[in-house]
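Inspection log for the structure reproduced underneath, given as structure tokens.
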Amino acid sequence: MADLQVVSSIRRLNNQNYNTWSTCMESYLQGQDLWEIMAGGETTPPKNAETLRKWKIKVRKALFAINTSIEEEMLEHIRHVLRIEIMKTEKMRRALKIEELKEVVTIMIVDPLVPKVFQVWKNGPLCTRLSIQVENSLRKYSDVQQPRR
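Have a look at this one:
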């Protein structure tokens, strides 16, 4: 119950107080051990059922704290922007994963400095599966813009 009092004591976000609000909100989320989820440090849900349950609770607590500390007029604008940013982030994460896989396959197959032992592996089934997986991912997410270097 004390946690709700702390959140309600944070001045609600409006079109003039973002810097103050964000500083207070970040401090609150850090104090409640929720900052990593909102800052992108814990983006992948855990596989263990109990850990996943706790992770979902943390996500809901963080979203509750943020949503209840924003003026209603601002909340409508932010919801739209957040949906777009979540979609962009997901596509970028997929693109980066694909790019990393391509680099690994390229290094494993093309790099002339790969040791002789590795030459046996590159013709094996694991490397072939990895190459097929990369190609399938590229086809599946062809609408995703590849990150610039």
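With this note's numbering applied, the sequence shown closes on residue 146, and no number is skipped along the way. Beta carbons: idealized from backbone N, C-alpha and C, even for Gly.
Own chain residues within Cβ distance below 8 Å of residue i, not counting five before or after
i: residue 13; result: none
Per DSSP, the bridge partner or partners of residue i
i: residue 10; result: 67
CA nearest to the CA of residue i, picked from the options
i: residue 37; options: 20, 8, 59; result: 59
i: residue 52; options: 8, 20, 33; result: 33
i: residue 55; options: 29, 19, 23; result: 29
Cut-off 7 Å between Cβ atoms - residues of its own chain near residue i, not counting five sequence neighbours on either side
i: residue 11; result: 68, 71
i: residue 26; result: 32, 35, 59, 62
i: residue 65; result: 4
i: residue 43; result: 49, 52
i: residue 9; result: 66, 67, 68
Beta-carbon contacts of residue i that lie in its chain and below 6 Å, excluding the five residues immediately before and after
i: residue 46; result: none
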